[in-house]
Amino acid sequence: MVQNLMTMRFGNRIFTPTWNRENIASVMITFKEPFGTQGRGGYFDEFGIIRDVMQNHLLQILSLVAMEKPATIHPDDIRNEKVKVLKCIPPLQLEDVVLGQYTGDPNGEGDAKYGYLDDKTVPPGSNTPTFASAVLKIKNERWDGVPFILRCGKALNERKADIRIQYTDVPGDIFEGKTKRNELVMRVQPGEAVYVKMMTKTPGMSFDMEETELDLTYGSRYKNAKLPDAYERLLLDVFCGSQMHFVRADELSEAWRIFTPILHQIEQENVRPIPYKYGSRGPVEADKLLAENNFKYYGSYKWVDSSKH
Ligand SMILES: NC(=O)C1=CN([C@@H]2O[C@H](COP(=O)(O)OP(=O)(O)OC[C@H]3O[C@@H](n4cnc5c(N)ncnc54)[C@H](OP(=O)(O)O)[C@@H]3O)[C@@H](O)[C@H]2O)C=CC1
Ligand SMILES: O=C1O[C@H](COP(=O)(O)O)[C@@H](O)[C@H](O)[C@H]1O
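Residues in the sequence shown are numbered consecutively from 220, following this note's numbering.
This is the structure in structure tokens:
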């Protein structure tokens, strides 16, 4: 799916002209896990969720979403573009971040009863975040003013990795405010899918409108295809000597330039993460950060899984 970003963006005329600050309100990249540190807390505690997932996995996806079109699909051309866009991102600021740490859910089952600090391998009173939501800014002509929101966390309500491109409101609305924003969603896991949320006239005699979707669910469209696991793909690349999906040294140093100052600040100032319950969506303050950064959540979208009807 992450590889598909290149094909989606550069192999489809419909997306390319709208891939910019004139049409896109915000971009959200999410990685959620429904389990805690599972006894690995001692290891995790030295690093925290920003180093564990955000600075590497999520930033890699961001660079593929935001980079300019490479000259060719040769790994070096792609990596040159990834480095170029990372260079346009100023270091992350503390006011653009929400940090969280999970607590046990007394009504939960099994591991869910235990919080991060209940893990015997975690130092008592640790302030290491297990959840982070952060807004990066890209200071270039294409993206200036478009928030890139990265969210990741452990012990959340579901397993999910997705990329959500939210388009701006339709200018000159003639539908009395009923129009909801379009979203292009690429779900990386579980159940790979690409869907575009869009407005349609409700079937029948009325002139009402509702949200629906153009939906490419891989499991339905490619029933007999074997979808390789991400690590299988990388191992194959190693054997074939392809470096396309591996981080180059200059890319890595740009990634650390963006995150190192805030990581040091969090540690030096002993910033306390906000507690959130195991199995929840994370701290509510993270939703406030979304609202402040041009992501609109309506709560009205209902997906009908047609494969089940
Ligand atoms: N082909 C397929 O398989 C398809 C499946 N679906 C499924 O339909 C369901 C709904 O679709 P989805 O695109 O998530 O749409 P939703 O409108 O439910 O959610 C959109 C986004 O809003 C966020 N959100 C949820 N609650 C709040 C809140 N209170 N404040 C701010 N933001 C919030 C969600 O984040 P968070 O991740 O934190 O919840 C999510 O990123 C999903 O389970 C999806 O997988 C939809 C279309 C196609
Ligand atoms: O690198 C890491 O990734 C895993 C998640 O990877 P997945 O392929 O299993 O989804 C994460 O659990 C781990 O903390 C992190 O170090």
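Don't be surprised by glycine CBs; every beta carbon is placed ideally from N, CA and C.
- At a Cβ-Cβ threshold of 9 Å, residue 376 and residue 500 count as neighbours.
- Relative to ligand 1, even the nearest heavy atom lies 8 Å or more away from the CB of residue 321.
- Using a 10 angstroms sphere on the CB of residue 250, the tally of other CB atoms reaches 16 or more, which defines it as buried.
- DSSP places residue 468 inside the alpha helix (DSSP H), whose first and last residues are 468-487.
- For residue 292, the three-state secondary structure derived from DSSP is coil.
- The C-beta distance from residue 262 to residue 374 rounds to 16 Å, too long to meet the 8 Å contact threshold.
- Contact between the segment 330-345 and the segment 256-272 is established, with three or more Cβ pairs separated by less than 8 Å.
- In this structure, the alpha-carbon of residue 482 lies about 31 Å from that of residue 452.
- Cβ-Cβ distances below 6 Å link residue 352 to 317, 370, 505 and 508 in the same chain, with the five nearest sequence neighbours on each side left out; the list follows chain order.
- Non-local beta-carbon contacts of residue 431 in its own chain, meaning distances under 7 Å to residues more than five positions away in sequence, involve 417 and 419 in chain order.
- In the three-state reduction of the DSSP assignment, residue 329 falls in the helix class.
- Residue 305 carries a helical assignment under DSSP once its states are collapsed to helix, strand and coil.
- Each residue's CA atom was taken as its position, placing residue 323 and residue 294 some 44 Å apart.
- Counting along the chain, residue 260 sits inside the alpha helix (DSSP H) bounded by residues 260-264.
- With a threshold of 16 other beta carbon atoms within 10 Å, residue 291 falls short and is exposed.
- With respect to the 9 Å criterion, residue 364 and residue 240 are classified as neighbours on the basis of their beta carbons.
- For residue 461, there is no enclosing beta strand (DSSP E), as DSSP marks it with neither H nor E.
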